[in-house]
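Novice: Note that my numbering has the sequence shown beginning at 1485, numbered continuously upward.
Note that the Cβ used here is the ideal one computed from N, Cα and C, for glycine as well.
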Amino acid sequence: MIRKATLIAALSAALLAPVMAVTPHQAAAKPTANAAQRQTASVSISSITPDVPKSLTDQITFTGTVRNDTGSTLYNVLIRLRYESQPFADRTTMSSYAADQSLTTLPGSVSSNSRAVIPSLAPGASQRWQFTATPVQLSLRSFGVYPIAVDVAPNGVPLVAQRTFLTYAPPTVPKLPSNKLSVALPVIDQPHRGTDVDPQSGKPLFVDDKLSQSIAGRGRLADLATIAQSAPDSVTWVIEPSLLDDLNAMAKGYDVKTKDGPQAKPPSAAATQWLTTMRTALAASPVVAVPYADPDVAALAHQGLDTQTDRAIKLGGQTVAATISPNTKTNINWPPAGLLDADALDLLSVSGVNTVLLNSTNLPPQAPLTTTPDAATTLDAVNSPVTALVADAELSRMFEPASGTSTLLSTQRFIAETAMIASEPGQTRPRSLVVAPSRRWNPNPTLVTALLKTAERLPWLQLSPLDSVKPGKASVPRAGLTYTAADRKEELTANYLAPVKDAWSKSERIAQVFQNEEPSRFETAVLRLTSSAWRNSTRTGRAVTKLVGTAVDAKTAQIQITGEGPDQPRTLAGSNGVVPISVKNEMEAPVELYLDVKSDDPELLTVSLNPDSRTPDTRVIGTGQITTFQVSMSAAPDTSGDATVTVQLMTADGQPYGEPQRLTIRTTGYTGIALVIVGAALTVMLAAVVTRLLRRRSERKLARAKSRESETE
């Protein structure tokens, strides 16, 4: 009686337990902690050999494991291989089957030789199982994708099940079209540096040290390098350039910003090795560079930062070409989240982009379809037509399923999906398919490698580079770019980008004052502030923006007006004269600029710059040197006192450098009354001189007369 009661309790607990979720489509349904605690048993399928049977007599071997986590012994555990003889009608039905975890809707047929009984299974114990069957025994008669499941039923009561797909491909079927499959694998991270160089140490300054963890062990970037070493040469790699710059900087030694100040890090051998591995592995593979730092192109287009995208595209191509592959392409763009609107498309078009890789929600078919549309279509843009490649959402999800998902189940699903696409009715021409996992994915190297190898050998697929996909006769009409208010809300905001725009403008001026037009040392730092990575991390983005902005201001101040402070007046002697204004260069290289001086009250004081020439008085100021501009000024008559002028440093091409500065000009001795007084004084002095001369002349005459009189006597 005690044993019977225990068995009843165990079976009751089993019947109340939910089905264990282990298919790829459970990525969206994350089990809660309570649900995980209620799991009572699990069954897994570990192999199906061959994965694509081709003959009615092929021996198909199914193996797997059942595990008891109920806390009590399970008795008379029945394990069954279940199947249906009718193939799926379409991909929608397949998705519904995979998502359905009900035990009552499992395939209804059970082969007589595809069942086994485990007399007892202790708590925590697991047991391997194996079934062998032929397509004939499973009633597979024609090409197609069939439902397969394995369930566990203690004492005949279903407890848990595992669903999967089996694709049957007999040679008697009419030849299927060989669809072109392009796989784009992203190597995109977030920026990790603030300024390129710490002004104190002269080394790169990183805001965190997460990158060192990502390239080591089972880090995300380390896994990507593992995939790259075995991936077919036809796989297209989409690389973010600032990541390569960060790793190159780490390889030479760097500083990490901490609350206690910069912390020095030695040269990273792991960074050097990662770059070497990727350069070697991708030597023969197509490589695409996203714009430098992966900017939020839509936000830049909407907030008036148009020039940044073109510069980021050019700089990105140069960086990836120099580091990974000289044949790097920049004409293909994969926007953040695979989404863009007409403004962003136009901005990319004028920057040389003629192909964009998009999310399927961004460019849906014009009318609902029961078949899979071709990936390629054409969009109108301001510069020229642009090819749009739409990634297949289901196939892309196969490359990054939920954590813990079986590689086998994902591979079987991938085979099934591509086979169903190839056999869809009404498709007489090969189509193009694109796989594009999420741009900052965390890949499973075993799974991705297995899927790529599977794609290479399936007869209904032709693995091809991304740039080979072009719109053709198989293209279907698309509804146009669909960019929602929710999509717009995800962009970097105007408030976030305002200080970024200010830092960009100032950094451009720094570059423009150098006599040899060397690039701004802040260009890459400011471009990193526009990264789409800050969409979900604006707090970090703002902190980095403040760090870069402070450095830009400090650099800008290395060219400044010297002499008296802005509150100290400068003297203009007379009504017309010159006032010297000196400029000091503390930059590391000669600079070229001129002064623009404007009177704040032209009725009191007028300014004349370089009156003998129509061109500005541009000067070259050497490192550590001071040059003085003689500024001509004229005071109005009958006035006295102080006047102010605004002084602005200007680049040689006429752009303002730094902030304008107000100077006080003190005028002296230039009023009309003063001139009258001086004139009167001169008259009095002249009269006195004349009077004295006349008096002396009279005295001399008188003296001579007296002398003659004396001689006569």
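By the 10 Å Cβ neighbour count, where 16 or more other Cβ atoms means buried, how is SER1726 classified, buried or exposed?
Specialist: Translated into positions along the sequence shown, residue 1726 becomes position 242. Per the 10 Å Cβ criterion, buried.
Novice: For TYR2154, does the three-state DSSP call read helix, strand or coil?
Specialist: Position 670 of the sequence shown holds residue 2154. The predicted model places TYR2154 with a pLDDT of 46, which falls under 50 and marks its position as unreliable; any figure quoted below should be read in that light. It is coil, neither helix nor strand.
Novice: For GLU2007, name the three-state secondary structure that DSSP assigns.
Specialist: To locate residue 2007, count along the sequence shown from 1; it is residue 523. Of the three classes helix, strand and coil, the one that applies to GLU2007 here is helix, per DSSP.
Novice: Leaving aside the five residues before and after ASP1794 along the sequence, list all residues of the same chain whose C-beta is less than 7 Å from its C-beta, in chain order.
Specialist: Numbered from its first residue, the sequence shown carries residue 1794 at position 310. Taken in chain order, the residues that qualify are SER1835.
Novice: Decide if the stretch 2030-2039 is in contact with the stretch 1980-1999; the criterion is three or more beta carbon pairs, one per stretch, under 8 Å apart.
Specialist: Result yes; three or more Cβ-Cβ pairs closer than 8 Å.
Novice: Report the residue from LEU1942, VAL1960 and ASP2085 whose alpha carbon sits nearest the alpha carbon of LYS2238.
Specialist: Nothing can be reported for residue 2238, as the shown portion of the chain is limited to 1485 through 2197.
Novice: If you reduce the DSSP assignment to three classes, tell me which class VAL1840 lands in.
Specialist: Taking the first residue of the sequence shown as 1, we reach residue 1840 at position 356. In the structure shown, VAL1840 sits in a strand (DSSP, three-state: E or B).
Novice: Which one or two residues does DSSP pair with GLN1747 in a beta bridge?
Specialist: Counting from 1 along the sequence shown, the entry for residue 1747 is found at position 263. Bridge partners of GLN1747: VAL1740.
Novice: With which residues is GLY1548 paired in a DSSP beta bridge?
Specialist: Taking the first residue of the sequence shown as position 1, residue 1548 is located at position 64. In the DSSP output, where bridge partners are listed per residue, GLY1548 has ILE1529 and TRP1613.
Novice: The alpha helix (DSSP H) that contains ALA1920, what's its start and end?
Specialist: As a position in the sequence shown, residue 1920 is number 436, starting the count at 1. Premise fails: ALA1920 is in no alpha helix (DSSP H) and is neither H nor E.
Novice: From ARG1647 to ALA1958, what distance separates their C-alpha atoms?
Specialist: Position 163 of the sequence shown, counted from the first residue, corresponds to residue 1647. Position 474 of the sequence shown, counted from the first residue, corresponds to residue 1958. Each residue's Cα considered, the two are about 33 Å apart.
Novice: How many angstroms separate the CA atom of ASP1951 from the CA atom of THR1812?
Specialist: Residue 1951 sits at position 467 when you count from the first residue of the sequence shown. Residue 1812 sits at position 328 when you count from the first residue of the sequence shown. Those two C-alpha atoms are separated by around 12 Å.
Novice: Does PHE1898 come out as helix, strand or coil in the three-state DSSP assignment?
Specialist: Within the sequence shown, the letter at position 414 stands for residue 1898. Residue state, collapsed to three classes: helix.
Novice: Taking the straight line between their C-alpha atoms, what separation do you get for LEU1863 and ASN1843?
Specialist: For the purposes of this step, residue 1863 is identified with residue 379 of the sequence shown, where counting begins at 1. For the purposes of this step, residue 1843 is identified with residue 359 of the sequence shown, where counting begins at 1. So the alpha carbons of these two residues sit roughly 14 Å apart.
Novice: Quick check: what's the CA-CA separation for THR1651 versus ASP1971?
Specialist: The residue given as residue 1651 occupies position 167 in the sequence shown. The residue given as residue 1971 occupies position 487 in the sequence shown. Their backbone Cα atoms lie some 38 Å apart in a straight line.
Novice: Counting only beta-carbon atoms, is LEU2011 nearer than 7 Å to chain C?
Specialist: Within the model displayed, chain C is absent; a lone protein chain is all it includes.
Novice: Below 6 Å CB to CB, which residues in the same chain sit around LEU1540 once its five sequence neighbours on both sides are set aside?
Specialist: Indexing the sequence shown from 1 puts residue 1540 at position 56. The residues are PRO1619 and VAL1620.
Novice: Can you find the residues in the same chain that come closer than 6 Å, C-beta to C-beta, to ALA1900, ignoring five residues on each side of it along the sequence?
Specialist: Position 416 of the sequence shown, counting from 1, holds the residue named residue 1900. Cβ within range, chain order: VAL1629, PHE1649 and THR1651.
Novice: Would you list the one or two residues that DSSP bridges to MET2117?
Specialist: By 1-based counting over the sequence shown, the position of residue 2117 is 633. Its beta-bridge partners are GLY2061 and VAL2091.
Novice: LEU1669 bridges to which residues according to DSSP?
Specialist: Working through the sequence shown from its first residue, we reach residue 1669 at position 185. Beta-bridge pairing links LEU1669 to TRP1721.
Novice: On a CA-only basis, which of PRO1955, ARG1924 and PRO2074 is nearest GLU1724? Give me that one, please.
Specialist: By 1-based counting over the sequence shown, the position of residue 1724 is 240. The candidate whose alpha carbon is nearest that of GLU1724 is ARG1924.
Novice: Which two residues bound the contiguous beta strand (DSSP E) that contains ASN1597?
Specialist: Within the sequence shown, residue 1597 is the residue found at index 113, counting from 1. Per DSSP, ASN1597 belongs to the beta strand (DSSP E) from 1593-1605.
Novice: Buried or exposed, going by whether 16 or more other CB atoms sit within 10 Å of the CB of GLN1684?
Specialist: As a first step, residue 1684 must be located in the sequence shown, where it is residue number 200. Exposed is the call here.
Novice: Please classify VAL2160: does DSSP put it in a helix, a strand, or coil?
Specialist: Position 676 of the sequence shown, counted from the start, is the residue given in the question as residue 2160. Any reading at VAL2160 is ruled out, since the residue's pLDDT is 48, under 50, leaving its predicted position unreliable.
Novice: Contact check, SER1696 vs ALA1753 under 8 Å by CB: the rounded distance?
Specialist: One-based indexing of the sequence shown puts residue 1696 at position 212. One-based indexing of the sequence shown puts residue 1753 at position 269. Contact flag wrong, Cβ pair sits at about 11 Å.
Novice: Rounded to the nearest angstrom, what separates GLY2106 and SER1714 at their Cα positions?
Specialist: Locating residue 2106 in the sequence shown gives position 622, where the first residue counts as 1. Locating residue 1714 in the sequence shown gives position 230, where the first residue counts as 1. Using only the alpha carbons, I get a separation of about 55 Å.
Novice: Tell me which same chain residues have a C-beta within less than 7 Å of the C-beta of ALA1785, skipping the five on either side of it?
Specialist: Residue mapping note: residue 1785 aligns to position 301 of the sequence shown, counting from 1. Result list for ALA1785: ASP1827, ALA1828 and LEU1831, in chain order.
Novice: Go through its chain and collect everything with a Cβ distance to PRO1571's Cβ below 6 Å, but skip five positions before and after it.
Specialist: On the sequence shown, residue 1571 is found 87 positions in, with the first residue counted as 1. Here the set comprises GLY1628, VAL1629 and TYR1630.
Novice: Taking 7 Å as the limit between beta carbons, can you name the residues of its chain near ALA1865, skipping five residues before and five after?
Specialist: Numbered from its first residue, the sequence shown carries residue 1865 at position 381. Cβ neighbours of ALA1865 beyond the five flanking positions: LEU1829, ASP1830 and SER1833.
Novice: Evaluate ALA1969 with the Cβ neighbour count: other Cβ atoms within 10 Å of its Cβ, from every protein chain shown; 16 or more gives buried, anything less gives exposed.
Specialist: If you number the sequence shown from 1, residue 1969 lands on position 485. ALA1969 comes out exposed.
Novice: Between which residues of its own chain and ALA1851 is the CB-CB distance below 8 Å, once the five residues before and five after are set aside?
Specialist: What you label residue 1851 is simply residue 367 of the sequence shown in a count that begins at 1. If we look at ALA1851 and ignore the five residues flanking it on each side, its Cβ neighbours are PRO1961.
Novice: Would you give the residue range spanned by the beta strand (DSSP E) that SER2083 belongs to?
Specialist: Here residue 2083 corresponds to residue number 599 of the sequence shown, with the count starting at 1. SER2083 -> beta strand (DSSP E) spans 2075-2083.
Novice: Whole angstroms are fine: how far does the CA of SER1890 sit from the CA of TRP1613?
Specialist: In the sequence shown, residue 1613 corresponds to position 129, counting from 1. In the sequence shown, residue 1890 corresponds to position 406, counting from 1. Roughly 17 Å between the two C-alpha positions.
Novice: Quick check on ALA1826: does DSSP put it in helix, strand or coil?
Specialist: The residue given as residue 1826 occupies position 342 in the sequence shown. Helix.
Novice: Where does LYS1957 sit, in a helix, a strand or coil, going by DSSP?
Specialist: For this step, residue 1957 is matched to residue 473 along the sequence shown. DSSP places LYS1957 in coil when its eight states are reduced to three.
Novice: To the nearest angstrom, how far is it from the Cα of VAL1536 to the Cα of GLY1555?
Specialist: Sequence index remark: in the sequence shown, residue 1536 carries index 52 (1-based). Sequence index remark: in the sequence shown, residue 1555 carries index 71 (1-based). Going by the C-alpha atoms only, they are around 38 Å apart.
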